[in-house]
Amino acid sequence: MRLSRRLGVEVRPALTRAELRDLNARTHAAAATLAKEGTLRGQLRVPHAAADISIVADLRAGHVRCSADIDAPKQGRQQTRVRWLTRQLNSAPNELHIEATFAYQRAPGPSVPVSDLRDKPVLVIIDKSKEIKLFTLTLATRAGSKRGAGRGSFTDSVLDLVEQFYTTVVQGLKPWTEPAPTPHPDGPTNGASNHIAGELPAQITPRSRASVTDEGSAKTGSGAVDDDERELEVEGS
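Going left to right, the sequence shown walks through residues 29 to 265 as this note's numbering numbers them.
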């Protein structure tokens, strides 16, 4: 594929395990969808890219669209999460549309052009009480009507859109990662102390009776028995 040649890596179809086990069933399902809905669908996986590229060619409507899903940050306010995404889309065309998916959301939310979201991130927020879980980025264009390859052909319109979508949108995306923990300004919050106040008491290791007796006997023989040692012998006996 042309994108593989441009990138110098192998761009593969993103298939599920079920599709890999039975490629014929996948082909039959794609043919059934084409006959029923007039659409061709597929996914591409670029090595180390933040998201797979989904491709939908609607032959009846005469347009092609590429989309990618990226998880929203798990921290920050809703508008902060939207800005986190738009800051990564400086090279994206103004026609790129962004849709936010919220927790427990049933119906799809509004699809807003990135040019509007850069100034008003609130446009994509439909419920301030729910958390944004996912962003969907979509870029569409008219499908070529000519057969074969070349300018104005259906094949080239798909290839051109895939290349544009990757280079201007997906290539610059980086998934959100949770920041490393930082020290609390007032110390640990769990009540534990991480410093030593004062001095530690000297640790006294009690001696066994045998060692005391041996030392006492030696000193008794020399006539120099200490009072503390006499007390230890009395207590130990």
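No residue lacks a Cβ here, since even glycine has one placed at the ideal position from N, Cα and C. Only a predicted model underlies this, so the values are computations on that prediction, with no experimental measurement involved.
* **For T205 and H125, the rounded distance between their alpha carbons** => Working through the sequence shown from its first residue, we reach residue 125 at position 97. Working through the sequence shown from its first residue, we reach residue 205 at position 177. Their backbone Cα atoms lie some 24 Å apart in a straight line.
* Asked: Nearest CA to the CA of K156: which residue from T164, R170, R109?
  -> Position 128 of the sequence shown holds residue 156. Ranking the options by Cα distance to K156, first place goes to R109.
* Contact between the segment 141 to 158 and the segment 113 to 129 (3+ Cβ pairs under 8 Å) -> yes
* **Own chain residues within Cβ distance below 7 Å of F193, not counting five before or after** => Here residue 193 refers to the residue found at position 165 when the sequence shown is read from its first residue. The residues are I81, C94, L167.
* By Cβ distance, which residues of its chain are closer than 7 Å to Y132, with the 5 residues on each side in sequence left out? -> By 1-based counting over the sequence shown, the position of residue 132 is 104. Correct list, in chain order: K158.
* Asked: Just to confirm, are V197 and A96 a CB contact at a threshold of 8 Å?
  -> One-based indexing of the sequence shown puts residue 197 at position 169. One-based indexing of the sequence shown puts residue 96 at position 68. Their beta carbons are under 8 Å apart, which means V197 touches A96 by this criterion.
* Contact set for G66: own chain, Cβ-Cβ below 7 Å, skip 5 residues either direction -> The residue labelled residue 66 in the question sits at position 38 within the sequence shown. So the list reads D86, L87, R88, once near-sequence residues are dropped.
* Asked: Would you call the CB atoms of L72 and V37 closer than 8 Å?
  -> Reading the sequence shown from its first residue, position 44 is the one you call residue 72. Reading the sequence shown from its first residue, position 9 is the one you call residue 37. Their beta carbons are not under 8 Å apart, which means L72 does not touch V37 by this criterion.
* **Helix, strand or coil at T56 according to DSSP, with G and I counted as helix** => Translated into positions along the sequence shown, residue 56 becomes position 28. Reading off the sequence, residue 56 comes out as His, not Thr. Here H56 sits in helix by DSSP.
* Three-state secondary structure (DSSP) at D99? -> Taking the sequence shown and counting its residues from 1, the one referred to as residue 99 is at position 71. In this structure, D99 counts as strand in the three-state DSSP scheme.
* Asked: When the Cα atoms are used, what is the spatial distance from Q106 to R179?
  -> Locating residue 106 in the sequence shown gives position 78, counting from the first residue. Locating residue 179 in the sequence shown gives position 151, counting from the first residue. Distance between the alpha carbons of Q106 and R179: 42 Å.
* Report yes if the CB atom of L48 is closer than 8 Å to the CB atom of V74, and no otherwise. => As a first step, residue 48 must be located in the sequence shown, where it is residue number 20. As a first step, residue 74 must be located in the sequence shown, where it is residue number 46. No, these two residues do not count as a Cβ contact at 8 Å.
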